[in-house]
Amino acid sequence: MEQGRSIENHHSHCAGILSAFQADGIIAKKFPSFECRPQQLEMARRIRNSFSTNNNLAIEAGTGIGKSFAYLVPAIEQIADKKGIVVVSTYTITLQEQLINKDIPFLAENLPVSFRAVLAKGRGNYLCKRRLKFSASRAITLFEDSSELDEISKWASQTKDGTLSDIPFSPSSRTWEAVNSEHGNCAGRNCQYFGGCFYQQARRQLDTADLVIANHSILFSDLILKEGGFSLLPDYKFVIIDEAHNIEHVAEDLFGIDLSSYSLKRLFNELYNPAKHKGFLSFIGAKDAIEIIPAAGRAADNFFKQVRNWYDSSKDETVGRCSKNIFDDILSEHLKRLRMELSKFAHSKKEVDVKFETIRYANRCSEIISQLECFLNQTRPGYVYWVEEDSSRFKSIHLRSAPIDVGPDIKRV
């Protein structure tokens with residue numbers, strides 16, 4: 099929705115927009131307990147100058163300065179002066195909610211400027227109506243317990259934004275990942291639900307935004323996608339990174355590897371559970387692919403068993419850090435066979451849902467093969483490779499990698 103109020107002479111007002119921070123400014127008038135803070139005004143002035151000179155700026159702002167207003171006000175000034183779209187990136191959902199539900203509405207109501215602010219969420223947060231219909235109609239074959247799917251179906255008929263945060267309960271990752279929107283699993287304009295697609299509606303809102311609130315993960319994902327000619331965010335001119343001390347961790351996760359024994363076990367179980375004769379492959383009747391699963395599962399168990407044995411015996415000395423090619427790759431050949439069989443089956447089918455879902459699993463196999471080979475051969479210079487055990491009840495063993503310095507990767511995108 100449109101934020102703020104439009105007036106004819108807003109440019110003249112914007113020339114003195116930083117007066118909002120003065121003792122007699124709009125903030126003080128609305129908040130009687132407000133104290134004029136020189137640090138807040140200085141921060142806003144420096145940000146405004148950075149915008150006008152196109153220079154980078156790093157600010158360490160202490161608690162109580164009022165940093166969100168200090169960067170939002172000059173950002174809104176840029177929008178009012180038609181300088182370009184502004185993206186504000188945060189790390190925590192709490193800060194995002196504060197900005198979009200509290201700070202921005204206040205400024206929109208009181209500044210003499212008209213602008214449109216939109217919250218950007220990752221694609222995986224949106225329900226895909228096509229995938230929901232596919233999963234719901236085959237729930238008995240695909241799920242051991244379809245009660246969550248039934249609840250999501252009821253919610254889907256009532257929700258307006260169709261995002262995970264709007265669901266009145268927390269569905270398991272297994273259920274949500276069977277119905278959420280995915281980049282490589284989308285029929286686009288050929289989908290019967292395209293007109294009412296929750297994700298496409300959100301995209302259209304983003305395309306008309308002046309001020310975008312996003313998180314660090316979306317910001318970096320957008321930069322990577324832009325290398326391939328795609329994008330998650332509109333073509334913005336300015337970016338403000340709040341909670342910037344977390345950028346390094348986000349970049350490490352995005353550019354690194356995290357492959358676990360649990361993720362492999364879950365993948366094979368989703369495809370086919372030999373004990374219960376259930377799973378995706380059982381539903382679509384992919385008999386040749388089903389025959390690969392038992393051997394692939396055993397190979398995964400044996401591979402991660404050797405990794406765990408090494409980790410248990412050497413962790414005190416190595417802290418999990420390992421050299422290349424110390425583990426026998428007894429897993430990749432099975433994943434490659436499975437990927438090939440899934441791809442072959444997908445291309446033999448005309449039904450859109452079966453084709454897309456099968457390709458999705460084939461692509462997942464490709465990702466795991468790539469991560470596994472990269473980890474074992476340690477092909478990326480400037481990265482550290484290690485093994486760790488998580489603290490969950492599964493005690494899953496993980497193959498991890500991360501850049502020693504995220505700078506080159508960030509500069510690359």
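Start counting the sequence shown at 99; every next residue gets the next number (this note's numbering). The beta carbon of each residue, even a glycine, is placed where N, CA and C say it ideally should be. Quick caveat, the model's predicted, so the values are computed rather than measured.
What are the residues that DSSP puts in a beta bridge with residue i?
i, result
"Ala215", "Leu309"
"Ala500", "Val482"
"Ile495", "Glu487"
"Ser187", "Ala312 and Ile339"
"Arg419", "Trp484"
For residue i and residue j, I'd like the C-alpha separation in whole angstroms.
i, j, result
"Phe492", "Asp179", "54 Å"
"Thr188", "Ser315", "9 Å"
"Ala349", "Asp122", "42 Å"
"Thr306", "Trp253", "28 Å"
"Glu368", "Ser494", "18 Å"
"Ile265", "Leu230", "14 Å"
"Asp507", "Phe353", "8 Å"
"Ile125", "Ala173", "16 Å"
"Gln120", "Val171", "13 Å"
"Thr190", "Ser166", "14 Å"
"Pro203", "Asp451", "41 Å"
"Lys376", "Val337", "48 Å"
"Lys374", "Glu249", "24 Å"
"Glu140", "Gly260", "41 Å"
"Pro501", "Glu195", "31 Å"
"Ala113", "Asp351", "Because Ala113 carries a pLDDT of 43, less than 50, the predicted location of this residue cannot be relied on, and the following value inherits that uncertainty. Between Ala113 and Asp351, the C-alpha separation is close to 42 Å."
"Asn400", "Ser499", "21 Å"
"Ile355", "Ile322", "16 Å"
"Glu207", "Cys284", "39 Å"
"Glu341", "Ala159", "10 Å"
"Leu225", "Glu133", "44 Å"
"Lys181", "Phe267", "42 Å"
"Ala397", "Asp503", "34 Å"
"Glu242", "Pro392", "19 Å"
"Gln404", "Glu449", "41 Å"
"Ser421", "Leu330", "37 Å"
"Asn461", "Arg478", "22 Å"
"Asn475", "Gln298", "40 Å"
"Lys200", "Ala300", "21 Å"
Give me the residue from the options with the minimum Cα distance to residue i.
i, options, result
"Phe292", "Ser245, Lys227 and Glu133", "Lys227"
"Pro210", "Ala118, Glu341, Leu365 and Glu455", "Ala118"
"Leu80", "Glu389, Ser251, Ile145 and Trp274", "Residue 80 falls outside the range modelled here, since the chain spans only 99 to 511, and no answer is possible."
"Leu317", "Arg302, Gln303 and Ile345", "Ile345"
"Asn154", "Glu471, Phe296, Gly160 and Ile145", "Ile145"
"Trp484", "Ser412, Leu205, Val450 and Leu309", "Ser412"
"Ser380", "Asp399, Val417 and Leu440", "Leu440"
"Leu362", "Asp426, Asp320, His432 and Gly326", "His432"
"Ala394", "Arg435, Asn407, His343 and Asp201", "Arg435"
"Ser233", "Val185, Leu205, Ser490 and Arg272", "Arg272"
"Ser255", "Tyr169, Gly162, Val184 and Phe296", "Phe296"
"Gly282", "Gly222, Tyr481 and Ile339", "Gly222"
"Gly480", "Glu486, Ala460, Asn461 and Gly505", "Gly505"
"Lys127", "Leu205, Leu197, Trp408 and Lys335", "Leu205"
Should residue i be labelled buried (16 or more other beta-carbon atoms within 10 Å of its own) or exposed?
i, result
"Gln138", "buried"
"Glu516", "The displayed coordinates of the chain run from 99 to 511. Any statement about residue 516 would go beyond what the structure contains."
"Asp410", "exposed"
"Gly358", "A quick correction: the sequence has Ser, not Gly, at residue 358. When all chains shown are included, Ser358 counts as buried."
"Phe328", "exposed"
"Lys219", "buried"
"Gly294", "exposed"
"His496", "buried"
"Gln176", "buried"
"Ile311", "buried"
"Thr456", "buried"
"Asn313", "buried"
"Ala156", "exposed"
"Asn278", "buried"
"Arg287", "exposed"
"Asp320", "buried"
"Met99", "Only weak support is given to the placement of Met99: the predicted model assigns it a pLDDT of 40, under 50, and the question is left unresolved by the model."
"Gly326", "exposed"
Contact criterion: CB-CB distance below 8 Å. Does residue i meet it with respect to chain D?
i, result
"Ser359", "Among the chains in the structure shown there is no chain D, since it carries only a single protein chain."
**Report entry** Minimum length 4: unbroken alpha helix (DSSP H) runs contained in the segment 280-356
**Finding:** 296-305, 314-325 and 345-353
Query raised in the report: In chain order, which continuous runs of the alpha helix (DSSP H) of length 4 or greater are located wholly inside the segment 118-181?
Result: 124-128, 136-151 and 165-178
Report task. Within the segment 201-282, note down every full beta strand (DSSP E) run reaching 3 residues or more, in order along the chain. Result -> 212-217
Query raised in the report: Considering only residues of the segment 349-404, which uninterrupted beta strand (DSSP E) runs meet the minimum length of 3 residues and lie entirely inside it, listed in chain order?
Result: 355-358
Report task. Could you pull out every unbroken beta strand (DSSP E) segment of at least 3 residues lying fully inside the segment 447-474, listed in chain order? Result -> none
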